[in-house]
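J.: Residue numbers (this note's numbering), protein chains in the order written: chain P, 382 to 651; chain B, 9 to 88.
Submitted below is the structure of interest, expressed as structure tokens.
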């Protein structure tokens, strides 16, 4: 399992491991700001032809992750300061959608591919939603891809269980097939946590930037709520990360599933 | 005048016919350098950047949140 960024484990504030360009499935725990930077660094390298497709997985202390469009709203600086004082630093991402929360019990996944002719938005979503659904089903969560109205960052390819959102996906494309570039898909999976707490933070952000958008806690669920609420979060997280590693392995030629102890070591690429 | 046009094959319209202008990164009337990213298009939570084809003064013709399709002209640049 990844080191636990919300409970004093190592790795929380460590800078991201430099991107070397090797074909990797990597796991790390760091701040949300550093995690987003890690994604950008990997994406730039893939776009420049310095690395093949790559998948990154990370968890962080809690934060609200906004879009670049939201960062240009008039109230953004004030909302950012206010939320930071309340323990929800605001970070800006490159992918689309609207603001969503991250925290110690949410898992962020980013998959980056070279932008080649013929690659389309729908196929790129499948690059992550299919392995994520396999991992969720292995844990006994009857999940599917669907839009969940009223959820934060709602989209057509949300991961849902029982009509409630437990994960979201978004993309960023840069460059072009002719000139070189990348296509990145990111996902955020809610492993555990309080949906009301998540929605309160996101709604405070929307109010702060002057957006009429609001989300409702009853539209959100977590993997823990859909499996065994009394299961220890660390056990659940470890089980999900192992299931996801298995589900992603076929997309990384030559990749072998790491031993559980390898995933458990802080900041170790596999 | 040089059009700022969304590339014809930027996304698959059979899957998602339309997108929106999520962001203009320069104000209307600004001077922009060649190849600077001037706009961001969002399609189904996927973002694409649009670059200035030449340097010059920017005229925005599709505002933020305006609906666009591949091939749409979203602005122009008067070369300086």
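Note that beta-carbon positions come from the ideal geometry of N, C-alpha and C, so glycine has one too.
Excluding the five sequence neighbours on either side, which residues of its own chain have a C-beta within less than 7 Å of the C-beta of residue 498 of chain P, listed in chain order?
T.: One-based indexing of the first chain puts residue 498 of chain P at position 117. Cβ neighbours of residue 498 of chain P beyond the five flanking positions: 558.
J.: Residues in its own chain within less than 6 Å of residue 59 of chain B by CB, not counting five upstream and five downstream?
T.: Here residue 59 of chain B refers to the residue found at position 51 when the second chain is read from its first residue. The residues are 43 and 45.
J.: Assign residue 576 of chain P to one of three DSSP states: helix, strand, or coil.
T.: Taking the first chain and counting its residues from 1, the one referred to as residue 576 of chain P is at position 195. Residue 576 of chain P falls in the helix class under three-state DSSP.
J.: Taking 9 Å as the CB-CB limit, is residue 403 of chain P close to chain B?
T.: Within the first chain, numbered from 1, the residue matching residue 403 of chain P stands at position 22. Confidence at residue 403 of chain P is low in this model, with a pLDDT of 35, below 50, so its placement is unreliable and the value that follows should be read with caution. Cβ-Cβ to chain B under 9 Å: no for residue 403 of chain P.
J.: With a threshold of 9 Å between beta carbons, is residue 447 of chain P in contact with chain B?
T.: Within the first chain, the letter at position 66 stands for residue 447 of chain P. No, no contact with chain B.
J.: Leaving out five residues before and five after residue 74 of chain B in sequence, what residues of the same chain have Cβ atoms less than 7 Å from its Cβ?
T.: Stepping through the second chain from its first residue, residue 74 of chain B is reached at position 66. Excluding positions up to five away in sequence, the list reads 28 and 29.
J.: Exposed or buried, which one is residue 623 of chain P when buried takes at least 16 other CB atoms within 10 Å?
T.: Walking along the first chain from the start, residue 623 of chain P turns up at place 242. Buried, by the Cβ-count rule.
J.: Mind listing which residues of the stretch 50-63 of chain B have their C-beta closer than 8 Å to chain P's C-betas, in chain order?
T.: Of all residues in the stretch 50-63 of chain B, only 50, 51, 52, 53, 54, 55, 56 and 57 come within less than 8 Å of chain P when Cβ atoms are compared, listed by chain position.
J.: Examine chain B for any beta-carbon lying closer than 9 Å to the beta-carbon of residue 514 of chain P, and answer yes or no.
T.: Sequence index remark: in the first chain, residue 514 of chain P carries index 133 (1-based). With 9 Å as the cut-off, residue 514 of chain P does not count as an interface residue toward chain B.
J.: If you pair each beta-carbon of the stretch 515-529 of chain P with each one of the stretch 588-598 of chain P, do three or more pairs fall below 8 Å?
T.: Output reads no: the stretch 588-598 of chain P does not touch the stretch 515-529 of chain P.
J.: Can you check whether the C-beta of residue 552 of chain P is within less than 9 Å of a C-beta belonging to chain B?
T.: For the purposes of this step, residue 552 of chain P is taken as residue 171 along the first chain, with counting starting at 1. Output row for residue 552 of chain P: interface = yes.
J.: Inspect the beta-carbon positions of residue 410 of chain P and residue 50 of chain B and report whether they are closer than 9 Å.
T.: Along the first chain, one-based indexing puts residue 410 of chain P at 29. Along the second chain, one-based indexing puts residue 50 of chain B at 42. No; because the gap between Cβ atoms is not below 9 Å, this pair is not in contact.
J.: Tell me the rounded alpha-carbon separation between residue 541 of chain P and residue 548 of chain P.
T.: Start at 1 with the first residue of the first chain, and residue 541 of chain P comes out as number 160. Start at 1 with the first residue of the first chain, and residue 548 of chain P comes out as number 167. Approximately 7 Å, taken between the alpha carbons.
J.: Taking only beta carbons into account, state which residues of the stretch 21-47 of chain B come closer than 7 Å to chain P, listed in chain order.
T.: 23, 24, 30 and 31
J.: Which partner residues does residue 65 of chain B have in the DSSP bridge list?
T.: The residue you call residue 65 of chain B lines up with position 57 of the second chain. Paired residue(s): B:39 and B:86.
J.: Under a CB-based cut-off of 9 Å, is residue 15 of chain B close to chain C?
T.: Protein chains in the displayed structure are P and B, and chain C is not among them.
J.: Show which residues of chain B have a CB atom less than 8 Å away from the CB atom of residue 477 of chain P.
T.: On the first chain, position 96 is the one that residue 477 of chain P refers to. Ordered by position in chain B, the residues that pass the 8 Å Cβ test against residue 477 of chain P are 30, 50, 51, 52, 53, 54 and 55.
J.: Can you tell me which of the three DSSP states residue 557 of chain P falls into?
T.: Reading the first chain from its first residue, position 176 is the one you call residue 557 of chain P. Strand.
J.: If you run the structure through DSSP and keep just helix, strand and coil, what is residue 512 of chain P?
T.: In the first chain, residue 512 of chain P corresponds to position 131, counting from 1. Of the three classes helix, strand and coil, the one that applies to residue 512 of chain P here is helix, per DSSP.
J.: Pull up the DSSP beta-bridge partners for residue 482 of chain P, would you.
T.: As a first step, residue 482 of chain P is located in the first chain; it is residue number 101 there, counting from the start. Its beta-bridge partners are P:445.
J.: Roughly how many angstroms lie between the CA atoms of residue 571 of chain P and residue 486 of chain P, to the nearest whole one?
T.: As a working mapping, residue 571 of chain P is identified with position 190 in the first chain. As a working mapping, residue 486 of chain P is identified with position 105 in the first chain. In this structure, the CA atom of residue 571 of chain P is about 7 Å from the CA atom of residue 486 of chain P.
J.: Check each candidate in P:575, P:502, P:481 and P:561 and name the one with the smallest Cα separation from residue 23 of chain B.
T.: The sequence position of residue 23 of chain B within the second chain is 15, counting from 1. Among P:575, P:502, P:481 and P:561, the Cα nearest to that of residue 23 of chain B is on P:502.
J.: In the DSSP output, which residue or residues are listed as bridge partners for residue 472 of chain P?
T.: Here the question's residue 472 of chain P lines up with position 91 in the first chain. Its beta-bridge partners are P:446.
J.: Of the choices P:454, P:543 and P:550, whose alpha-carbon is the least far from that of residue 590 of chain P?
T.: On the first chain, position 209 is the one that residue 590 of chain P refers to. When only C-alpha atoms are compared, the closest one is P:454.
J.: For residue 483 of chain P, is the classification buried or exposed, using 16 other Cβ atoms within 10 angstroms of its Cβ as the cut-off for buried?
T.: Start at 1 with the first residue of the first chain, and residue 483 of chain P comes out as number 102. Answer is buried; the Cβ neighbour count reaches 16.
J.: Which bits of chain B does residue 492 of chain P rub up against, with CB to CB less than 7 Å?
T.: Translated into the one-based positions of the first chain, residue 492 of chain P becomes position 111. The contacting residues do not exist; residue 492 of chain P stays about 13 Å from chain B at best.
J.: Per the DSSP calculation, residue 28 of chain B is bridged to which residue(s)?
T.: Translated into the one-based positions of the second chain, residue 28 of chain B becomes position 20. According to DSSP, which records beta bridges pairwise, residue 28 of chain B is partnered with B:50 and B:75.
J.: Need the endpoints of the alpha helix (DSSP H) that residue 492 of chain P sits in, please.
T.: Against the first chain, residue 492 of chain P aligns to sequence position 111. Segment 487-495 is the beta strand (DSSP E) holding residue 492 of chain P; no alpha helix (DSSP H) there.
J.: DSSP puts residue 607 of chain P in a beta bridge; with which residues?
T.: Here the question's residue 607 of chain P lines up with position 226 in the first chain. Residue 607 of chain P is not bridged to any residue.
J.: I believe residue 460 of chain P touches residue 586 of chain P by the beta-carbon criterion, under 8 Å. Please report the beta-carbon distance rounded to the nearest angstrom.
T.: Walking along the first chain from the start, residue 460 of chain P turns up at place 79. Walking along the first chain from the start, residue 586 of chain P turns up at place 205. Yes, they are in contact, since the Cβ atoms of residue 460 of chain P and residue 586 of chain P sit about 6 Å apart, within 8 Å.
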